[in-house]
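Q: Residue numbers (my numbering), protein chains in the order written: chain A, 1 to 334; chain B, 335 to 668. My questions will all concern the structure given below.
There are 2 protein chains.
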Amino acid sequence: MVSSKDVAKYAGVSQTTVSRVVNTPNLVKEPTYRKVMAAIDELNYIPDGNARSLVQKKSDTIALISGPLYNPFFVETTTSIVNYANENGFKINVHFSNDENIEEIYNSIFEKKVDGIILSSVLLEDPVFAKLEKSGIPFILYNRKHESNKNFVEMDNEQAGFLATDYLFSLNHREVCWIGGPTEMSTFKGRYDGFLKAFQKNNAAINPEKIFIGNTSKENLYQTFLKLEELSEKPTAICAATDAIAIQMMDFYISAGYKVPEDISIIGIDNVKIGQHASINLTTVGISSPIDLGRIAIEKLIKMIQQKNKPCVQITEAVRLFERKTIIKKKKEV
Amino acid sequence: MVSSKDVAKYAGVSQTTVSRVVNTPNLVKEPTYRKVMAAIDELNYIPDGNARSLVQKKSDTIALISGPLYNPFFVETTTSIVNYANENGFKINVHFSNDENIEEIYNSIFEKKVDGIILSSVLLEDPVFAKLEKSGIPFILYNRKHESNKNFVEMDNEQAGFLATDYLFSLNHREVCWIGGPTEMSTFKGRYDGFLKAFQKNNAAINPEKIFIGNTSKENLYQTFLKLEELSEKPTAICAATDAIAIQMMDFYISAGYKVPEDISIIGIDNVKIGQHASINLTTVGISSPIDLGRIAIEKLIKMIQQKNKPCVQITEAVRLFERKTIIKKKKEV
DNA sequence: TAAAAAAATGGTTACGTAACCATTTAACTT
DNA sequence: AAGTTAAATGGTTACGTAACCATTTTTTTA
Chain A
1 MVSSKDVAKY AGVSQTTVSR VVNTPNLVKE PTYRKVMAAI DELNYIPDGN
51 ARSLVQKKSD TIALISGPLY NPFFVETTTS IVNYANENGF KINVHFSNDE
101 NIEEIYNSIF EKKVDGIILS SVLLEDPVFA KLEKSGIPFI LYNRKHESNK
151 NFVEMDNEQA GFLATDYLFS LNHREVCWIG GPTEMSTFKG RYDGFLKAFQ
201 KNNAAINPEK IFIGNTSKEN LYQTFLKLEE LSEKPTAICA ATDAIAIQMM
251 DFYISAGYKV PEDISIIGID NVKIGQHASI NLTTVGISSP IDLGRIAIEK
301 LIKMIQQKNK PCVQITEAVR LFERKTIIKK KKEV
Chain B
335 MVSSKDVAKY AGVSQTTVSR VVNTPNLVKE PTYRKVMAAI DELNYIPDGN
385 ARSLVQKKSD TIALISGPLY NPFFVETTTS IVNYANENGF KINVHFSNDE
435 NIEEIYNSIF EKKVDGIILS SVLLEDPVFA KLEKSGIPFI LYNRKHESNK
485 NFVEMDNEQA GFLATDYLFS LNHREVCWIG GPTEMSTFKG RYDGFLKAFQ
535 KNNAAINPEK IFIGNTSKEN LYQTFLKLEE LSEKPTAICA ATDAIAIQMM
585 DFYISAGYKV PEDISIIGID NVKIGQHASI NLTTVGISSP IDLGRIAIEK
635 LIKMIQQKNK PCVQITEAVR LFERKTIIKK KKEV
């Protein structure tokens, strides 16, 4: 391994000067600069990032704890986050959380002095959150937030749930089913609250048989599908808490021979890209802004790191309906 | 920042002993161990990964250079790679390459002494490959390979192209169109060669009007779609070099009012998960093994790192057809 | 042209850890 | 119980860099 000392010796200058050529070339005379650069090229010198981090107490590295990529929402945020961070000179350590390995992920993250942490996988009452705050490392939550309301970038989840559900009512659906994840997560809680709110507004009564709250794995959603099939009075529309859920349910229904929306209407939330595909055409609710939540969050985080101040970021993005083709208008009941 | 020296002072032992408690606890007496652990907990000591990397000359970090996630193939490989690496104690620095920023990515990677590099974005005659070999860092290519045939995990691309195309012929399609990326990439080259081979076998003549080789961006594929529309004699089937291309073309066709497969048959290559969705049901060719290429590659890479030997890994996975619903059988021409 | 100021370069040190060797302490042997 | 071996602990150093202060060289100023 060739070090700055080797370069210094080769160029006949001090190690300090080599460091200056690399970091503050304007402090160095032209001929010296050329001499050192020649040595650097000749010896193929690359500064050691670890040594640099050690002495500078920064690593130019950000840890990303994302939800799993089988949820297309995280495909888009991960892309934005990784690309924006790289463009701004940061490395990104990526971790995918399944909400069970979160403890291990935290432990591993704190070992490597990252400059910042951006994460989606946090519960409303997450005990691990205290650790995060105590660490003093700048952090930001995207998608989900914590009960403390610190540093988050979210969509207006309640409004999203409301808009989606109210839209179904507006098309005369009354037997509306909810399929969502645990309300320990702010996204699911907010969206479900919005769902309830729409029922209230439309003077409709919640039918507990048509409320499914639980793990959103494929297997579990299939169980939900089976239960829905057994219902004597089936719903005419499904309000899915995420596009990922909606798309998975579509798969089950279509595979079983149903037609969407003729036999069953489905609406999602997130406005994920694949939902725009002509084969899917998922009606959904998503943020109005073309910039996704991940991108907004990473921008804020990098600003926090660079300016060394830690303002409390609280961003709730407005949402709107994206009408596509998975919902049918029903005849008004008499 | 609390260091091992602080812990040592607090516990009344030497820094060396603290290091031993952390790394080789069996070399330390029980009471000493407890004393030091108490101090570690009390002071909330976390070893500094940068200092450790500096002295040990390893970083427990692997760099991943992946293709973009809008290609679902990379969604699956990225998931496998990140998860497997994390489970095995490695951090993953992720970079998404669009084949233009590859130079910058390389530069940034070499700064931080990663223990290994796993990458998909390499050209057959990539000049950057020399740099990679010269660095001495263990590396492995997945999906694409380099002309030097060193350290790759690929599918049998030629066979994939052949199987896909031959399948179209077997269903009596003669006017088959090829849409693929530049043949500077081993995947596209192999698949296109297989395409040609199938034409030969079926005594069919290539019609240059129906061969589209170029950038596979959405915009460019749309241009391809427009050109296809202008053709006097339109193809009855499209052989897409990747599922991503196939799915994008489906979107254009369906949006334009066509039906797949009634109006146009489409086959892809990669066997991407979303292609299995009941709304898409893409017929495709993919590896027979249930373990994806990324997973195979990261396993090999970690073995290389841990065993410190650098065998030349050359894996070509067998492929098979996955029959679904985007292809129609034509009547035999007379 | 001498003095003062600014620019350029060098020398030394700290960062936090594990490697390495030295020393002390405990545990066997006969 | 003395000698030998093994176990446990400590002291010092290297890793490669940038920060910091000191010194030399060059430029500016009166």
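Every residue, glycine too, gets a C-beta built ideally from N, C-alpha and C.
Taking contact to mean at least 3 C-beta pairs separated by less than 8 Å, is the region 142-152 of chain A in contact with the region 114-127 of chain A?
A: Because the criterion of three Cβ pairs below 8 Å is met, the region 142-152 of chain A and the region 114-127 of chain A touch.
Q: Ordered along the chain, which non-local residues of its own chain (more than five positions away) have a Cβ less than 6 Å from that of B/H429?
A: Once the five neighbours on either side are set aside, the close Cβ partners of B/H429 are I399, I439.
Q: Say whether chain A places a C-beta atom closer than 8 Å to the C-beta of B/S414.
A: No - not a single Cβ of chain A is within 8 Å of the one on B/S414.
Q: Can you give the Cα-Cα distance for A/D243 and A/F212, rounded to whole angstroms?
A: When rounded, the distance between both Cα atoms is 15 Å.
Q: With a threshold of 8 Å between beta-carbons, can A/D251 be considered close to chain B, or not?
A: Cβ-Cβ to chain B under 8 Å: yes for A/D251.
Q: Could you give the first and the last residue of the continuous beta strand (DSSP E) run that contains A/R320?
A: Element bounds for A/R320: 319-322.
Q: Using three-state DSSP, classify B/I600 as helix, strand or coil.
A: Three-state DSSP puts B/I600 in a strand.
Q: Taking any Cβ of chain A, which residues in the region 585-616 of chain B have a Cβ under 7 Å from it, in chain order?
A: Cβ contacts with chain A: D585, I588, S589, I608, H611, A612, S613, I614.
Q: Inspect the CB distances between the region 503-523 of chain B and the region 560-576 of chain B and report whether three or more fall short of 8 Å.
A: Yes, since at least three Cβ pairs between the region 503-523 of chain B and the region 560-576 of chain B fall closer than 8 Å, the two stretches touch.
Q: Counting only Cβ-Cβ distances shorter than 8 Å, please list the residues of the region 616-633 of chain B near chain A, keeping chain order.
A: Cβ contacts with chain A come from no residue of the region 616-633 of chain B.
Q: Based on Cα-Cα distance, which residue from B/A372, B/P359, B/V462 lies nearest to B/G346?
A: Checked all of B/A372, B/P359, B/V462; the closest Cα to B/G346 is B/A372.
Q: On the three-state DSSP scale, how would you describe B/F529?
A: Here B/F529 sits in helix by DSSP.
Q: Can you check whether the CB of A/F110 is closer than 8 Å to the CB of B/I630?
A: No; because the gap between Cβ atoms is not below 8 Å, this pair is not in contact.
Q: Rounded to the nearest angstrom, how far is the Cβ of B/K531 from that of B/F496, given a contact under 8 Å?
A: Confirmed, Cβ separation roughly 5 Å.
Q: In this structure, does DSSP put B/Y476 in helix, strand or coil?
A: B/Y476: strand per DSSP, three-state reduction.
Q: Which first and last residues belong to the alpha helix (DSSP H) in which A/K91 is found?
A: Run containing A/K91: none in the alpha helix (DSSP H); it sits in the beta strand (DSSP E), 91-96.
Q: For a contact defined as C-beta to C-beta under 8 Å, what are the partners of A/A130 on chain B?
A: Per Cβ cutoff of 8 Å: no residues; A/A130 is ~12 Å from chain B at best.
Q: Using a Cβ-Cβ distance under 8 Å, would A/A241 count as near chain B?
A: Closer than 8 Å: no.
Q: Considering only C-alpha positions, which residue in the set B/T499, B/L502, B/D394 is nearest to B/K446?
A: Selected option, being the one with the closest Cα: B/D394.
Q: Could you check where the beta strand (DSSP E) with B/L398 kicks off and where it finishes?
A: That run of the beta strand (DSSP E) goes 395-400.
Q: Give the DSSP bridge partners of A/I118, in chain order.
A: A/I118 pairs with A/L64, A/I140.
Q: Start and end of the alpha helix (DSSP H) containing B/M519?
A: Note, B/M519: premise wrong, no alpha helix (DSSP H); not H, not E.
Q: Among the residues of its own chain, which have a CB less than 6 Å from the CB of A/V82, if the five just before and after it don't count?
A: Once the five neighbours on either side are set aside, the close Cβ partners of A/V82 are I92.
Q: Are the CB atoms of A/M249 and A/I266 nearer to each other than 8 Å?
A: The answer is yes: Cβ separation under 8 Å.
Q: Interface residues of chain B around A/F96 at Cβ under 7 Å?
A: Ordered by position in chain B, the residues that pass the 7 Å Cβ test against A/F96 are T413, V416, N417.
Q: Quick one: grab the DSSP three-state call for A/E147.
A: Three-state DSSP puts A/E147 in coil, outside helix and strand.
Q: Alpha helix (DSSP H) containing B/M584: first to last residue?
A: It spans 577-589 - the alpha helix (DSSP H) in which B/M584 sits, taken as one unbroken run.
Q: On a CA-only basis, which of A/T326, A/V2, A/T224 is nearest A/Y167? Give me that one, please.
A: If we check each option's Cα against that of A/Y167, A/T326 comes out closest.
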